Each structure stands twice: as structure tokens, then as C-alpha cells.
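K.L.:
End of the sequence shown sits at 576 in UniProt numbering; the numbers just go up one at a time, nothing left out.
Even for Gly, the Cβ is constructed at its ideal location relative to N, Cα and C.
Computed from a predicted structure; not experimentally measured.
Dropping the structure in here first, questions after.
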Amino acid sequence: MSSSGRSRQKRNPQDSGGDHRVLARPTLPVVTDQATGPDSAPGVEVPGESVTPEEETKPGDSLLQAWAEASPGGDLCPAEQPTAGDQFDPHVIWQMALSELALQMPSATYDTWVRDTVVVAYEDGEFIIGMPNAYARDWLENRLRHNIKRTLSSIMNRSVQVQFRVCPRTQAAEAVAPQAPLYAMALDEEESSSRTPPQGEGTEVTVHKRLPGNRPATGGSSGLPPASSGSSPRPRLASQLNPAHTFDTFVVGNHNRLAHAAALAVVDTPGQSFNPLFIYGGVGLGKTHLLNAIGNAALERGYQMLYCSSEQFTNELISAIRNQSTEEFRNKYRQVDILLIDDIQFIGGKESTQEEFFHTFNHLHAAGRQVVLSSDRPPKALATLEERLRSRFEGGLQADIAQPDFETRVAILQSKANKLGIPVAYDVLLLIAERVDSNIRELEGALNRLCLQARLVGRSIDLAFARSILDDLAPQRVACTPGEVIRIVAQHFNLRPEDLTGRRRTKDVATARQIAMYLLREDNGLSLPAIGEQLGGRDHSTVRYGVEKVAEDLVRDEALRLTIMTLRDKIYVPMA
């Protein structure tokens with residue numbers, strides 16, 4: 001809904017909350033925390049497991065789905081726009097905080113506990129954060145209060161307080177709608193999808209397409225029916241996929257080309273190409289995106305698939321043991337065509353989970369059904385993983401995703417900015433790509449942060465503004481030795497270092513030599529005579545001409561700017 005279609009927020013004079021600014025409705029009902037609930041229930045001990053108290057909602061369901069189940073008759077309404085007299089929009093502040101918090105914690109923790117929280121109200125320097133049940137409230141209160149308070153205080157540039165509150169589903173749903181188009185566009189896909197349930201989330205998805213290849217004509221040893229048996233209906237599973245994570249939105253580079261190709265092959269011929277497919281790499285490099293892309297493509301082609309994290313698998317197993325419903329649990333995970341498990345490394349050291357997953361894996365693999373796993377490291381590096389599982393994980397294809405190179409980082413930022421519809425100067429994208437070289441999540445988080453800050457202060461995004469906002473992201477690195485700089489520049493232009501230090505004056509050699517002069521001057525801080533000495537005894541006037549020519553060309557030559565950025569990405573090394 002456009003901002004013009006929303007009524008302005010008015011303060012309810014009968015509200016007894018004092019100077020209480022409600023973010024979603026004119027009347028904010030007082031919400032009392034549940035005195036009873038699963039947070040007071042004793043945990044059930046499972047051998048070898050770390051047991052977490054269960055909620056009345058199904059493990060792995062999104063918080064918005066939990067709100068929907070808690071109040072099935074309510075209607076989802078968009079949030080109303082804050083009054084024109086507001087000094088700031090608490091919705092924008094909270095989304096900025098979410099972007100920062102996503103960088104501070106593992107993705108499993110963020111997705112499970114933080115992503116779907118909402119601002120319910122702001123009052124006298126205190127943010128009231130809403131969640132659907134007492135267990136989620138207590139978890140945030142006990143484990144993340146300090147981080148959330150510190151992050152909000154940093155954004156607000158003053159100390160603020162935080163209160164966590166269990167709130168009704170309709171009130172929470174209203175509080176999360178975006179306040180303006182730019183605000184909505186500046187959100188990360190995962191944050192955006194948490195405000196409005198994606199298509200299929202919280203709804204049942206039934207598919208009937210049968211996998212090619214060998215399939216048992218009757219049930220296996222566990223008595224399960226075939227995947228597409230006409231006599232027994234397929235399980236009806238709720239989709240938890242992020243619809244924004246598709247193959248079309250996945251930027252391919254040298255760092256992830258193998259994993260991307262293997263993922264496409266898995267969708268084309270599930271259970272036949274690479275089974276299992278084990279994708280590994282550091283935090284925030286696109287493993288979850290790729291698993292979601294496989295799942296979304298599988299659903300489009302009619303396959304029955306199930307996507308979840310290893311934490312969800314463990315929690316559902318614990319719940320099944322507690323409720324004596326292990327057969328239902330096994331049916332859910334063993335009657336699918338494609339099983340996608342994110343962050344499989346977290347089952348390490350959990351004996352009961354490993355035992356159950358071992359038999360689930362064997363059942364699917366023997367039936368010719370596809371298993372795709374992701375981890376932050378290869379199977380051989382999972383020290384607490386049982387050997388029988390490790391050998392099975394190594395039996396398929398292992399595809400790693402490395403850190404993206406400079407050119408790929410720029411391409412990722414361009415794709416993100418285009419998708420958001422936000423005009424960002426190319427120089428700004430180069431700056432972000434230069435300063436953030438760790439992972440894609442931090443890369444996109446920096447762009448989100450920049451867009452939200454610009455939205456907050458009401459100005460366009462130019463290079464000066466980007467430098468001021470991203471100043472803390474300046475990499476703590478130093479340039480390598482002059483000899484290494486010359487070698488790297490020569491290699492970039494397919495030359496030898498001797499070509500730059502020698503007397504050749506062809507155009508390609510002269511250009512590379514002048515760029516080396518510029519980098520030695522700007523990045524290594526050498527004097528003009530010292531640069532001349534490094535480059536074969538050239539006089540300082542020749543060096544000055546070369547440095548000044550490159551500096552002048554940089555103003556108008558975009559290709560040269562990209563070349564300099566690429567070289568700087570290679571010549572800088574982390575500080576000891």
C-alpha cells in the first residue's frame with residue numbers, strides 16, 4: 001500500500017500508557033505476558049543432546065506463522081504511517097538494528113530468534129520489541145538483551161532501553177509493514193521476507209511429480225510408501241524457503257562457480273547427479289541462498305522437497321521423542337524427493353541427532369532421492385561428526401564457496417542496488433567493495449546500512465556521504481612491499497616484472513609502469529626518487545609525470561578506476 005493510502009497515526013487520548021507513541025494502531029491494547037506456557041515446562045533429556053524447552057508452535061516455524069496460528073481469525077493490516085511531527089521513524093531504526101545484528105551473530109541464531117521481531121511501540125527512550133510467545137521473549141531477554149540495547153544505542157547515538165513483550169498476532173503484523181518505498185527497498189531480502197510471509201510460507205504445498213530413476217515399488221524396511229504412491233497421499237509440507245533466493249538472483253563468480261553448477265545439476269536430475277551434494281564455505285558467502293535456490297526451483301518443477309536447518313531437525317526430533325511421535329517425524333523427512341539441510345555442522349557431538357540423521361540419510365539415498373547439505377567447513381574438518389556420517393558426506397560431491405574477488409563483489413552490489421531500485425553511484429559501489437572483502441552478508445549489510453542512513457537523514461548517496469558512513473569499515477591492512485606491488489601489477493597485465501623495470505616503451509608496458517608508479521606513491525608512500533629507483537633508475541620527473549597522468553585519468557576513466565581497485569585488493573595484506 002502506498003503511503004498516500006495510509007491514514008496518519010493519531011495518538012489515542014484514552015491510552016493510559018502516558019506519552020506512548022504507538023506504531024501500528026491508534027489504540028494499542030495493553031499486553032500482559034503469559035504466566036503459563038512452555039517456558040515453565042521441564043526439559044526432556046535425550047542422550048547426547050542439548051535439550052531446549054519446546055514451544056506450542058512447531059519447531060522451525062517462522063515467528064509470523066506462529067502469530068498466525070495463535071490468532072487464526074485475525075486480518076493482516078498494513079502499519080499506519082507515523083505522524084509528520086515524529087523526529088525519527090522507529091521502524092527504520094529497528095531495521096537498521098536488524099541489519100547490524102545480522103552481522104554480529106550466526107545466521108541460525110538470527111533467523112530463529114531475531115529476524116521476525118518487530119517494533120511494537122517507542123516510549124521515552126525505550127523500544128518495545130514484540131514476539132509471539134513467552135519462550136522467545138525469555139530467550140531474547142536472557143541472551144541477547146545486551147547486544148540489542150548496545151546496537152540500538154549506537155544507532156541512536158544515545159543510551160536507550162529495550163523491553164521485550166509478547167504481543168497479539170494482529171498487532172505484530174501491523175507493526176512490521178514498511179513505512180515508505182525507499183525504506184522497504186533498503187531492507188535485506190531475508191528481513192523483507194520476515195515482515196510479510198512469502199508465498200507458500202505458513203500454507204500447505206502439495207506436489208505430485210515423481211522423480212526419474214529407480215524407485216521401490218513398495219515401501220522400504222520402515223514401511224514407508226514410495227515417494228509418489230497413488231494409494232497413500234504425500235505429506236503436506238509448509239514451505240520455509242525465501243522466495244527472493246533463486247538462481248536468477250545468485251551472482252556467479254570464480255569463487256562459487258562449481259557449487260552453482262552442481263546445484264543446477266541437482267535440480268535437473270535429483271538423486272542422479274551428485275548425491276549427496278555437500279556445499280561448504282565461510283559465513284555469509286551464499287550457501288543458504290544456494291540451498292533456497294535449489295528448493296525454489298524444485299518446487300517449480302513439482303518435486304516434493306523439505307528445507308530446514310540442522311537446529312530445526314534437532315528440535316523437531318526432541319519434540320517427537322517427548323510427544324512419542326517419532327514415526328510422524330520420520331515420515332516427514334523420509335518421504336521427500338529432495339532434502340536440504342543448512343548448517344549440518346551443528347549436529348556434531350549430538351549422538352541422538354546423528355543416529356536419526358544417519359538412518360534418514362540412508363533411507364533417502366537408497367531410494368534414489370537427493371540430499372543437499374551445507375556446512376562452514378568440509379566433512380573431514382568436522383571433528384565431532386561420527387565417522388559413518390563423514391564417509392557418507394564425502395561420498396558425493398564437495399563444492400566449496402570461497403570469498404568473492406573484487407570484481408564479483410562489485411557485481412553483487414550492482415545486482416543488489418538494481419533489485420532495490422536505489423540509485424547508487426558506481427564509485428560508491430567500488431568503495432563498498434574495496435572496504436568489505438569478508439563475505440556477501442557483510443557486503444549487502446553495508447549497502448543496506450548506507451541506504452537506511454541516507455533515508456534517515458534525507459539525502460542522496462554520494463561518495464562523500466558513503467565515506468562518512470562507512471568509515472569504520474576501512475580495512476585494517478597495509479600495502480605489501482614495493483617489489484610485490486611491481487610483481488602484482490606486471491602479472492595483472494600479463495607482463496614480467498623485468499618489463500616494468502626495463503627499457504621497453506610499448507603502450508601496454510608504459511601504462512602498467514605508470515600504474516605501478518601511482519600505487520607506489522599513493523599506497524606505499526614512496527618518494528619520487530625512491531619510486532624511480534624501484535623501476536630501473538628512472539628520474540623523478542618521469543615518475544611525477546606518470547603519477548599525475550594516472551591521477552588525472554582516474555577522474556574520467558571508469559575502467560581505470562576498476563583496475564586500480566582490483567590491484568589494491570591484491571596488494572593489501574592484513575595487519576599482523
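Do you know how far the Cα of V371 is from the Cα of H365?
P.N.:
Numbered from 1 along the sequence shown, position 365 holds the residue referred to as residue 365. Numbered from 1 along the sequence shown, position 371 holds the residue referred to as residue 371. Those two C-alpha atoms are separated by around 7 Å.
K.L.:
Just curious, the alpha helix (DSSP H) that A399 is in, first and last residue?
P.N.:
For the purposes of this step, residue 399 is identified with residue 399 of the sequence shown, where counting begins at 1. Run containing A399: none in the alpha helix (DSSP H); it sits in the beta strand (DSSP E), 397-401.
K.L.:
Quick one, are the C-beta atoms of R145 and F164 less than 9 Å apart?
P.N.:
Here residue 145 refers to the residue found at position 145 when the sequence shown is read from its first residue. Here residue 164 refers to the residue found at position 164 when the sequence shown is read from its first residue. Their beta carbons are under 9 Å apart, which means R145 touches F164 by this criterion.
K.L.:
What residue does the beta strand (DSSP E) around I440 start on, and which one ends it?
P.N.:
Taking the sequence shown and counting its residues from 1, the one referred to as residue 440 is at position 440. Where I440 is concerned, there is no enclosing beta strand (DSSP E), although the alpha helix (DSSP H) it sits in stretches over 440-457.
K.L.:
Is the separation between the beta-carbon of F274 and that of E394 shorter than 9 Å?
P.N.:
As a position in the sequence shown, residue 274 is number 274, starting the count at 1. As a position in the sequence shown, residue 394 is number 394, starting the count at 1. Contact: no.
K.L.:
What three-state label does DSSP hand Q304 in the structure shown?
P.N.:
Position 304 of the sequence shown, counting from 1, holds the residue named residue 304. Coil, per DSSP.
K.L.:
Using three-state DSSP, classify V266 as helix, strand or coil.
P.N.:
For the purposes of this step, residue 266 is identified with residue 266 of the sequence shown, where counting begins at 1. Helix.
K.L.:
Quick one: grab the DSSP three-state call for A261.
P.N.:
Numbered from its first residue, the sequence shown carries residue 261 at position 261. DSSP places A261 in helix when its eight states are reduced to three.
K.L.:
Could you tell me how far apart the beta carbons of N439 and G536 are, in whole angstroms, since I believe they sit closer than 8 Å?
P.N.:
Position 439 of the sequence shown holds residue 439. Position 536 of the sequence shown holds residue 536. Between G536 and N439 the Cβ distance is about 40 Å, and since that is not below 8 Å, they are no contact.
K.L.:
If distances are taken between C-alpha atoms only, which option among F361, D462, T408, G525 comes closest to M565?
P.N.:
Along the sequence shown, one-based indexing puts residue 565 at 565. The residue with the shortest Cα to Cα distance from M565 is T408.
K.L.:
Can you check which of these residues, V92, P270, G286, is closest to T249 by C-alpha distance?
P.N.:
Numbered from 1 along the sequence shown, position 249 holds the residue referred to as residue 249. Checked all of V92, P270, G286; the closest Cα to T249 is G286.
K.L.:
For a test of the three-state rule: what should DSSP assign to V160, helix, strand or coil?
P.N.:
Position 160 of the sequence shown, counted from the start, is the residue given in the question as residue 160. Of the three classes helix, strand and coil, the one that applies to V160 here is coil, per DSSP.
K.L.:
Below 8 Å on the Cβ atoms is my contact criterion, and I expect N157 with Q104 to pass it. Report the Cβ-Cβ distance as a whole number of Å.
P.N.:
On the sequence shown, position 157 is the one that residue 157 refers to. On the sequence shown, position 104 is the one that residue 104 refers to. With a Cβ gap of about 19 Å, N157 and Q104 do not count as contacting.
K.L.:
From N331 to I344, what does the alpha carbon distance come to, in whole angstroms?
P.N.:
Taking the sequence shown and counting its residues from 1, the one referred to as residue 331 is at position 331. Taking the sequence shown and counting its residues from 1, the one referred to as residue 344 is at position 344. The alpha-carbon atoms of N331 and I344 are separated by roughly 20 Å.
K.L.:
If you reduce the DSSP assignment to three classes, tell me which class Q491 lands in.
P.N.:
For this step, residue 491 is matched to residue 491 along the sequence shown. Here Q491 sits in helix by DSSP.
K.L.:
Quick one: what does DSSP say D427 is sitting in, helix, strand or coil?
P.N.:
For the purposes of this step, residue 427 is taken as residue 427 along the sequence shown, with counting starting at 1. Helix at D427.
K.L.:
Have a look at L140 and F493 and give me their C-alpha separation to the nearest angstrom.
P.N.:
In the sequence shown, the residue the question calls residue 140 occupies position 140. In the sequence shown, the residue the question calls residue 493 occupies position 493. Cα-Cα distance, rounded: 53 Å.
K.L.:
What is the rounded straight-line gap between the Cα of E189 and the Cα of L452?
P.N.:
Here residue 189 refers to the residue found at position 189 when the sequence shown is read from its first residue. Here residue 452 refers to the residue found at position 452 when the sequence shown is read from its first residue. Confidence at E189 is low in this model, with a pLDDT of 35, below 50, so its placement is unreliable and the value that follows should be read with caution. C-alpha separation (whole angstroms): 14 Å.
K.L.:
Would you call the CB atoms of L98 and V114 closer than 9 Å?
P.N.:
As a position in the sequence shown, residue 98 is number 98, starting the count at 1. As a position in the sequence shown, residue 114 is number 114, starting the count at 1. Contact: yes.
K.L.:
Would you mind reading off the limits of the beta strand (DSSP E) that contains D342?
P.N.:
Residue 342 sits at position 342 when you count from the first residue of the sequence shown. Note, D342: beta strand (DSSP E), 338-342.
K.L.:
Quick check on the burial criterion: 16 or more other C-beta atoms within 10 angstroms. Buried or exposed for E444?
P.N.:
Taking the first residue of the sequence shown as 1, we reach residue 444 at position 444. Label assigned to E444: buried.
K.L.:
My guess is that D342 and M305 are in contact by the Cβ rule of under 8 Å, so how many angstroms apart are they, rounded?
P.N.:
Locating residue 342 in the sequence shown gives position 342, counting from the first residue. Locating residue 305 in the sequence shown gives position 305, counting from the first residue. With a Cβ gap of about 13 Å, D342 and M305 do not count as contacting.
K.L.:
Taking the continuous alpha helix (DSSP H) assigned at I321, which residues delimit it?
P.N.:
Sequence index remark: in the sequence shown, residue 321 carries index 321 (1-based). Element bounds for I321: 310-323.
K.L.:
Give the range of the beta strand (DSSP E) segment to which E123 is assigned.
P.N.:
In the sequence shown, the residue the question calls residue 123 occupies position 123. Start and end: 118-123.
K.L.:
I'd like to confirm the pairing. Which residues does DSSP put opposite T281 in its beta bridges?
P.N.:
By one-based count along the sequence shown, residue 281 stands at place 281. First, the amino acid is wrong: residue 281 is Gly here, not Thr. Answer is I401, bridged to G281.
K.L.:
Closer than 7 Å by C-beta to residue 593: which residues in its own chain qualify, once you throw out the five before and the five after it? Chain order, please.
P.N.:
Since the displayed the chain opens at 1 and closes at 576, residue 593 lies outside it and no answer follows.
K.L.:
Measuring CB to CB, does T501 end up less than 9 Å from I488?
P.N.:
As a position in the sequence shown, residue 501 is number 501, starting the count at 1. As a position in the sequence shown, residue 488 is number 488, starting the count at 1. Their beta carbons are not under 9 Å apart, which means T501 does not touch I488 by this criterion.
K.L.:
If we ignore side chains and look at the alpha-carbon of each, how far apart do Q398 and D138 end up?
P.N.:
Sequence index remark: in the sequence shown, residue 398 carries index 398 (1-based). Sequence index remark: in the sequence shown, residue 138 carries index 138 (1-based). Straight-line Cα distance between these residues: approximately 39 Å.
K.L.:
For A262, collect the residues of the same chain with a Cβ closer than 7 Å to its Cβ; drop the 5 residues on either side in sequence, then sort them by chain order.
P.N.:
In the sequence shown, the residue the question calls residue 262 occupies position 262. Cβ within range, chain order: F274, L277, L397, A399.
K.L.:
Skipping 5 residues on each side, what residues in its chain have a beta carbon closer than 6 Å to that of D427?
P.N.:
Your numbering for residue 427 matches position 427 in the sequence shown. Here the set comprises L463.
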